[in-house]
């Protein structure tokens, strides 16, 4: 009975989503306050029914209702209770429901926290969010209903895919989706601004009492905190995913350029460009059309990500759901959203031009370069990811490009980003004094080069990449630190750092840590696959790894071979590691569980390969993967700092302040002193 | 031409130049790093490049896996059910590597053996990579054609 209620709740939610898009958008067009007022209640109602449906599905998992096909496929009786919750989004149908739930959370948040914004604009924003919700709800109901029954009920379920039975996977998908879906808010604001631009006549700068031109000018300020929060969540999601891949997949890598990783990375790249271009649009009025375009692309790439992951068109380690019908639906939806919004953009974008002039040497130019590089990076990743599809389409055979392609182009494109980054905060808007900036940065450059030389002397074996890592990380880190110091000295107490500035500083520190982590890990990691006879010792990276044999271990729903490996530095025992090779009872899948001794400066990483003497029943020699990975944690530490930066910047008080009165000259409102600084 | 226009023209020109440079590099990288996937039948028909790296897709032949006694070297046979190709690999095989399951291996040919430097098996046991399924279907079609 309950699952049917869940499905019914989804149908009601779909109807409310249709109401939420149709009435307020029409109302905003006809300027009908009654229809405009429908937006908020519709959002609330839809959210209630979606939450109800999600609760029902969760209850089906917790109570192990194997008459529901989706539950039977993705859990079984032995599954521990905490994984029964995360199993809800362990496969296609449930993760779609999670997508919709998160979209509703965002919609409710936007409706609740934007009460002071113009009602017409909000009607449009919520209407656009309603269109997206309607699309995804009908997709779920038509092609991927999680509440379908399997009667008679199965005695026991299949099992949750073992790679998903991990604490990291409880958090990773919701965080990633919160980021993905969060770009829908920036998208909705951009579309609302485009829609609004029409009613003020051919020139939005002309006086208009309804204030639509003001909306057009101010939408960016209102969209900025939402975009920053979405970007921060996406950063967290990607960081968690990378960390999870590192310790569960048993390969010890932190990034694989896998299609599904790329699917989350492309919106991140465009999102990064977007939060920078939004700053220009908000403060200087420039890059207006470009910001709108980036908002459209960020969300489109999020949709494409869903398409890539869920349709199974690309071979990937994550592609556990393959159904061409679903792919077709998402493709049509994607086509509609992208095509529709680009058409609207083409019609309206010429009217949103504007902004103050700037010189070649200015912060605007630097941010323009940032935007170009990040957009190019996203384009090359997109091309590489879709390359197998393109190859097939033009009949070139089964071709693909691997990590070397992505690594080569991405490094090349990010090199200027790293070089120019410290100049960004030091350059002023409109016209910058390049010499002053160089004066500040000269000691930083000397320190970075000095440190690289020192590293070369201390560790002669350090390859070039490691030296570059030391130098680049110091260049960015010290450059940002000097900027922070300069503010401290020059600004009066109490007005030194706005939240936005603090967020910027933190996020860029994150970049410095990330650079150090990536380049030093890549340069100095020692990775060896070794044959360990019982009690054999191998030396890896200057440490002795001793194999103490394998015993049987038992988990809640798996049996495991558990190895014991002692790590010694000379005579001193520094770690005892217990890597496991698990066999899950439900589906019989094998899963490697690496054992890691984490450290700020170095991780010791051990994973069991396979038993090499079949005759001795696992008591003989084993293949074991032994890695020593210096600085690898800095990669995720950097990601976490970037995330913090995003959240802190979003909390800036300026974003919460009421917009200036409509009387202000709209598109290029003169910046108040508080905004002009920095 | 006003100074503003001139500046704008220069800016647009620079952007176009940058995009052109990026496009050139991308084309270069695609050409350099793209790899093809072949089935054993195609390899034996001489379609795979002789000295270069490529990917081999197929099923691990049952009872073909052999381990060296004192190292991590393994040898097995990959088949598309029509032709077979011996493969050598040194290292740890993925969790889902099993005889009778499909894999994709990257490496190059050396005297009639495929020396792999990477072996991938898919995470879902019931799932055959589309490209392997295609390769097998293609080999099947070629077989039917030649039998006629």
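Residue numbers (the numbering used here), protein chains in the order written: chain A, 110 to 787; chain B, 23 to 170.
Just so it is clear, CB atoms sit at the ideal spot from N, CA and C, and this is done for glycine as well.
If I measure Cβ to Cβ from residue 574/A and keep anything under 7 Å in the same chain, skipping five residues before and after, which residues do I get? 628, 631, 632
Interface partners of residue 274/A on chain B, CB under 9 Å: At a C-beta separation below 9 Å, residue 274/A has no neighbours in chain B, since its nearest C-beta there lies roughly 13 Å away.
Quick one: list the residues of chain B neighbouring residue 481/A, beta-carbon separation under 9 Å, in chain order. Within chain B, the residues near residue 481/A are 37, 40, 41, 44.
Once you ignore the five residues that flank residue 75/B on each side, which residues in its own chain have a CB closer than 7 Å to its CB? For residue 75/B, same chain residues with a beta-carbon under 7 Å away, outside a window of 5 residues either side, are 57, 128, 129, 130 in chain order.
Short of 7 Å in beta carbon distance, which residues of its chain neighbour residue 141/B, apart from the five on each side in sequence? Order them along the chain. 111, 115, 116, 119, 125, 127
List, in order along the chain, the chain B residues whose C-beta lies closer than 8 Å to that of residue 789/A? With chain A running from 110 to 787 in the structure shown, residue 789/A is simply not present.
Would you call the region 553-568 of chain A and the region 594-601 of chain A in contact, with 3 or more CB pairs under 8 Å? Not touching, per the Cβ criterion.
Identity of the residue in 641/A, 234/A, 603/A, 279/A nearest residue 722/A by Cα: The shortest Cα separation from residue 722/A among 641/A, 234/A, 603/A, 279/A belongs to 641/A.
Specify whether the region 179-187 of chain A and the region 142-160 of chain A touch according to this definition: at least 3 beta carbon pairs, one from each stretch, less than 8 Å apart. no
Going by DSSP in three states, residue 709/A sits in which element: helix, strand or coil? coil
Closest to residue 407/A by C-alpha separation, out of 376/A, 437/A, 415/A, would be which residue? 376/A
With 7 Å as the limit, tell me which residues of the region 51-70 of chain B have their beta carbon closer than that to any beta carbon of chain A; keep them in chain order. 51, 52, 55, 56, 57, 58, 59
Given residue 149/B, which residues of its chain have a CB within under 7 Å of its CB, disregarding the five upstream and five downstream residues? Caution applies to residue 149/B, whose pLDDT of 47 falls short of 50 and renders its modelled position unreliable; the model cannot decide the point.
Mind pulling the chain A residues with CB within less than 9 Å of residue 94/B? 638, 639, 640, 718, 721, 732
Just checking: is the beta-carbon of residue 279/A within a distance shorter than 7 Å of some beta-carbon in chain B? no
For chain E, check one thing: does any of its Cβ atoms lie closer than 7 Å to the Cβ of residue 503/A? No chain E appears in the structure shown, which is made up of the protein chains A and B.
Where are the alpha helix (DSSP H) runs, 4 residues long or more, that stay fully inside the region 734-771 of chain A, in chain order? List check, alpha helix (DSSP H) in window: 741-759, 762-765.
As a quick exercise: from 160/B, 143/B, 122/B, 106/B, pick the residue whose alpha carbon is nearest that of residue 134/B. 106/B
Indicate the three-state DSSP secondary structure (helix, strand or coil) for residue 731/A in the structure shown. Here residue 731/A sits in strand by DSSP.
Within chain B, partners of residue 510/A - CB distance below 8 Å: 51, 52, 55, 56, 57
The region 384-395 of chain A touching the region 444-456 of chain A, judged by at least three CB pairs closer than 8 Å: no
Residue 296/A CB to nearest heavy atom of the ligand SAM below 6 Å: The ligand content of the structure shown is nil, which means the ligand SAM is not present either.
Local conformation of residue 117/A per DSSP, three classes: Helix, per DSSP.
Are the CB atoms of residue 382/A and residue 414/A nearer to each other than 7 Å? no
Does residue 314/A get closer than 7 Å to chain B when you measure Cβ to Cβ? Below a pLDDT of 50, predicted positions are generally treated as unreliable, and residue 314/A, at 41, falls in that range; no measurement from the model is reported.
Count the other CB atoms, across all protein chains shown, that sit within 10 Å of the CB of residue 25/B; report buried if there are 16 or more and exposed otherwise. With fewer than 16 Cβ atoms within 10 Å of its Cβ, residue 25/B is classed as exposed.
Residue-level contact to chain B via CB, residue 506/A, 7 Å cutoff: yes
Only counting the same chain, and skipping five residues up and downstream in sequence, which positions put a Cβ closer than 7 Å to that of residue 144/A? Contacts found: 132, 133, 135, 136.
Would you list, in chain order, the members of the region 508-539 of chain A that have their beta-carbon closer than 8 Å to a beta-carbon of chain B? 508, 509, 510, 511, 513, 514, 517, 518, 521, 522
Using 8 Å for Cβ pairs, my map puts residue 706/A next to residue 734/A. What's the rounded Cβ distance? No, residue 706/A and residue 734/A are not in contact; Cβ-Cβ is about 14 Å, not under 8 Å.
Spell out a yes or no on whether the region 541-551 of chain A and the region 89-101 of chain B are touching, meaning 3 or more CB-CB pairs, one atom from each, closer than 8 Å. no
Can you find the residues in the same chain that come closer than 8 Å, C-beta to C-beta, to residue 669/A, ignoring five residues on each side of it along the sequence? For residue 669/A, where only same-chain residues beyond five positions count, the Cβ hits under 8 Å are 661, 662, 663, 689, 690, 691, 692, 702.
Counting only Cβ-Cβ distances shorter than 7 Å, please list the residues of the region 695-708 of chain A near chain B, keeping chain order. 698, 699, 700, 701
Three-state secondary structure assigned by DSSP to residue 365/A: coil
Alpha-carbon spacing of residue 280/A relative to residue 188/A, whole angstroms: 18 Å
Counting pairs of beta carbons, one from the region 281-291 of chain A and one from the region 348-359 of chain A, are three or more of them closer than 8 Å? yes
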